[in-house]
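In what follows, a structure is listed as structure tokens, so that the remarks can point back to it.
Residue numbers (my numbering): 698 to 790.
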């Protein structure tokens, strides 16, 4: 994922790994409470040939109100990733 040539190095803690079901992690910028985030990918079966892919993230901390532009770019990047994942998975049927 590209964030308009911006780089942010994170060292997340993995909270959950459930193969073919869920990946969840959390991280923070510098120290906890400044800018914290939790991100997850969830796959829910709908039927034999379909799944629902859910991507969710939440942020909190003192600096969150000042990072709205970066969060918007991040959201756009994840939306692009979701579209590419959908195209790839439907092509491989």
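We put the CB at the ideal spot given by N, CA and C, even for glycine.
Where residue i falls, given that 16 or more other Cβ within 10 Å makes a residue buried
i	result
residue 734	buried
residue 771	buried
residue 732	buried
residue 736	buried
Residue i vs residue j beta-carbon contact at 8 Å
i	j	result
residue 724	residue 709	yes
residue 755	residue 740	no
residue 750	residue 720	no
residue 752	residue 775	yes
Residues near residue i by beta carbon distance below 7 Å, same chain, minus five either side
i	result
residue 757	733
residue 714	720
residue 759	730 and 731
residue 712	721, 722 and 723
Spatial neighbours of residue i in its chain, beta-carbon cut-off 6 Å, leaving aside the 5 residues before and after
i	result
residue 726	732
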